[in-house]
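K.L.:
Numbering (the UniProt record's numbering), first residue to last: 1 to 301.
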C-alpha cells in the first residue's frame with residue numbers, strides 16, 4: 001500500500017507520544033547519524049527517524065540538513081517531493097522524521113547483484129541526473145554523493161538522501177570526492193557533484209570503482225589523461241569492455257582538470273544517453289528482481 005506523507009504533520013516535540021520507534025536494529029548509520037524505523041501509532045504509517053550522534057559535528061550536520069530541507073521546500077513545493085521529504089523538525093533534539101525508503105540503497109542493490117547492463121544503467125543514470133539537477137536548480141550542491149545516499153522508496157522512485165554536508169564542501173567521502181574538493185580549492189561547486197556522479201555511473205556499469213585511492217595507478221592514469229591505457233588495463237584484467245560512448249562520457253565526468261570536466265548542462269548532450277535504454281517500468285522490474293535476491297539472502301560479493 002502506498003503511504004501518504006503529503007499532509008502529515010507533528011505538532012508536539014515529544015515524538016514518543018505518537019510513534020513507536022524500533023531502536024534495537026537501526027535501518028542504517030553513518031558518520032554523523034543513526035536512522036531508525038518508526039511507526040505512527042494512529043495511522044500505522046512508517047517513517048525513518050534520523051538522530052544525530054552526540055558530537056558537535058554531527059549536531060551541526062543535522063541542523064544543516066534541516067535548513068537545506070526547509071530551503072528546498074520553500075523554493076519548490078511541487079517538485080521537491082521526488083527527493084526525500086522533510087516532514088518535521090523536533091527542535092529540542094534536532095531529529096528529522098522523513099519518508100521510509102523501504103527498498104534500500106543503490107549500494108545494497110549493487111552488492112547483491114553486481115553491475116547493470118548499459119541499457120538499464122542509462123535509465124538509472126538519467127533519473128539520478130534529474131535529481132542532482134533539481135538540487136542544483138534550487139541552489140544546493142550535495143558534496144557527498146555515493147551509492148549509499150541514493151535510495152529507493154516503496155514505489156521504487158529514486159531519491160537522493162543525506163543532505164548533512166550539502167553546500168559544505170569539506171564533508172565528503174574518499175573515492176567519490178573531486179580532487180579540488182579534497183584540496184579545498186573549489187572553482188565550480190556543481191562540478192564536484194559531477195565528479196561523484198561519474199564515479200557512481202562507472203560503478204553501476206563496470207561493477208567496481210575507477211580507482212581505489214588517489215595515489216594508485218588507476219587514478220594516476222586518469223589524472224594524466226592516459227585513457228587508452230586505462231581501458232586497456234581494465235580489459236587485460238578480464239573486466240568487461242563497455243561501449244565507446246560510455247568510455248567517452250566517463251572521461252568527461254571524472255576528468256581531474258575541472259576545466260575539462262563536464263558541467264551538468266554538458267551531461268545531457270552526451271552521446272551515451274542517446275543509445276538504447278529501458279523504460280522506467282522495465283527498470284523498476286529489474287531493480288525489484290535484484291531486491292528480491294537480497295531479501296532471500298543471496299549476495300554476489
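Yeah, the Cβ is synthetic: ideal placement off N, Cα and C, and Gly gets one too.
If you count every other CB in all the chains shown that lies within 10 Å of the CB of residue 255, and 16 or more means buried, which is it?
P.N.:
Here residue 255 is taken as the residue at index 255 of the chain shown, counted from 1. Buried, since its Cβ has 16 or more Cβ neighbours within 10 Å.
K.L.:
What does the Cβ neighbour count give for residue 32, buried or exposed, with the cut at 16 atoms within 10 Å?
P.N.:
Looking up residue 32 in the chain shown gives position 32. Burial call: buried.
K.L.:
So the candidates are 39, 147, 146 and 135; which of them puts its Cα closest to the Cα of residue 167?
P.N.:
In the chain shown, counting from the first residue as 1, residue 167 sits at position 167. Selected option, being the one with the closest Cα: 135.
K.L.:
So what does DSSP say about residue 180, is it helix, strand or coil?
P.N.:
Along the chain shown, read from residue 1 onward, the residue named residue 180 stands at position 180. Residue 180 falls in the helix class under three-state DSSP.
K.L.:
Below 8 Å on the Cβ atoms is my contact criterion, and I expect residue 100 with residue 37 to pass it. Report the Cβ-Cβ distance as a whole number of Å.
P.N.:
If you number the chain shown from 1, residue 100 lands on position 100. If you number the chain shown from 1, residue 37 lands on position 37. So it is a contact: roughly 7 Å between Cβ atoms.
K.L.:
Using three-state DSSP, classify residue 123 as helix, strand or coil.
P.N.:
For the purposes of this step, residue 123 is identified with residue 123 of the chain shown, where counting begins at 1. Of the three classes helix, strand and coil, the one that applies to residue 123 here is helix, per DSSP.
K.L.:
In chain order, what residues of the same chain have a beta carbon less than 7 Å from the beta carbon of residue 27, not counting five sequence neighbours either side?
P.N.:
Position 27 of the chain shown, counted from the start, is the residue given in the question as residue 27. Only 35, 36, 37 and 48 meet the Cβ criterion.
K.L.:
Sorted by chain position, which residues of the same chain lie with C-beta nearer than 8 Å to residue 153's C-beta, five sequence neighbours on each side aside?
P.N.:
Here residue 153 refers to the residue found at position 153 when the chain shown is read from its first residue. If we look at residue 153 and ignore the five residues flanking it on each side, its Cβ neighbours are 99, 100, 101, 102, 103 and 159.
K.L.:
What three-state label does DSSP hand residue 98 in the structure shown?
P.N.:
Numbered from 1 along the chain shown, position 98 holds the residue referred to as residue 98. The answer is strand: DSSP assigns residue 98 an E or B state.
K.L.:
Grab me the residues of residue 116's own chain with a C-beta within less than 6 Å of its C-beta, minus the 5 sequence neighbours each way, in chain order.
P.N.:
As a first step, residue 116 is located in the chain shown; it is residue number 116 there, counting from the start. Closer than 6 Å at Cβ, skipping near neighbours: 204.
K.L.:
So for residue 187, helix, strand or coil by DSSP?
P.N.:
The sequence position of residue 187 within the chain shown is 187, counting from 1. Coil.
K.L.:
Quick check on the DSSP output: the beta strand (DSSP E) that includes residue 152 runs from which residue to which?
P.N.:
Looking up residue 152 in the chain shown gives position 152. Looking at the DSSP string, the run of the beta strand (DSSP E) that includes residue 152 is 150–152.
K.L.:
Which one of 144, 261 and 110 has the shortest CA to CA distance from residue 209?
P.N.:
Stepping through the chain shown from its first residue, residue 209 is reached at position 209. Residue 209 has its Cα closest to that of 110, out of 144, 261 and 110.
K.L.:
Out of 23, 273 and 261, which one is the CA nearest neighbour of residue 179?
P.N.:
Stepping through the chain shown from its first residue, residue 179 is reached at position 179. The candidate whose alpha carbon is nearest that of residue 179 is 261.
K.L.:
Just to confirm, is the Cβ distance from residue 114 to residue 207 under 8 Å?
P.N.:
As a first step, residue 114 must be located in the chain shown, where it is residue number 114. As a first step, residue 207 must be located in the chain shown, where it is residue number 207. Taking 8 Å as the Cβ cut-off, residue 114 and residue 207 qualify as a contacting pair.
K.L.:
Grouping DSSP H, G and I as helix and E and B as strand, with all else coil, what is residue 20?
P.N.:
Here residue 20 corresponds to residue number 20 of the chain shown, with the count starting at 1. Note: residue 20 maps to strand in three-state DSSP.
K.L.:
Quick one: grab the DSSP three-state call for residue 40.
P.N.:
For this step, residue 40 is matched to residue 40 along the chain shown. Strand at residue 40.
K.L.:
Going by the beta-carbon positions, is the gap between residue 190 and residue 258 smaller than 8 Å?
P.N.:
If you number the chain shown from 1, residue 190 lands on position 190. If you number the chain shown from 1, residue 258 lands on position 258. For residue 190 and residue 258, no; Cβs fall outside 8 Å.
K.L.:
Could you give the DSSP three-state label for residue 48: helix, strand or coil?
P.N.:
Counting from 1 along the chain shown, the entry for residue 48 is found at position 48. Looking at residue 48 - three-state DSSP - the assignment turns out to be strand.
K.L.:
Could you pull out every unbroken beta strand (DSSP E) segment of at least 3 residues lying fully inside the region 183–250, listed in chain order?
P.N.:
List check, beta strand (DSSP E) in window: nothing returned.
K.L.:
Among the residues of its own chain, which have a CB less than 8 Å from the CB of residue 75, if the five just before and after it don't count?
P.N.:
Mapped onto the chain shown, residue 75 falls at position 75. If we look at residue 75 and ignore the five residues flanking it on each side, its Cβ neighbours are 138 and 139.
K.L.:
Quick one: what's got a C-beta closer than 6 Å to residue 229's C-beta in the same chain, skipping five residues either side?
P.N.:
Looking up residue 229 in the chain shown gives position 229. Once the five neighbours on either side are set aside, the close Cβ partners of residue 229 are 221.
K.L.:
Buried or exposed for residue 122, please, with buried defined as at least 16 other CB atoms from any protein chain shown within 10 angstroms of its CB.
P.N.:
Here residue 122 corresponds to residue number 122 of the chain shown, with the count starting at 1. With 16 or more Cβ atoms within 10 Å of its Cβ, residue 122 is classed as buried.
K.L.:
Could you pull the DSSP bridge partners for residue 29 from this structure?
P.N.:
Counting from one through the chain shown, the residue named residue 29 turns up at place 29. DSSP output for residue 29 lists 34 as bridge partner(s).
K.L.:
Roughly how many angstroms separate the alpha carbons of residue 278 and residue 56, rounded to a whole number?
P.N.:
The sequence position of residue 278 within the chain shown is 278, counting from 1. The sequence position of residue 56 within the chain shown is 56, counting from 1. Looking at the two C-alpha atoms, the distance is approximately 45 Å.
K.L.:
Kindly indicate the opening and closing residues of the beta strand (DSSP E) around residue 160.
P.N.:
To locate residue 160, count along the chain shown from 1; it is residue 160. Taken as a continuous stretch (DSSP letters only), the beta strand (DSSP E) holding residue 160 covers 158–160.
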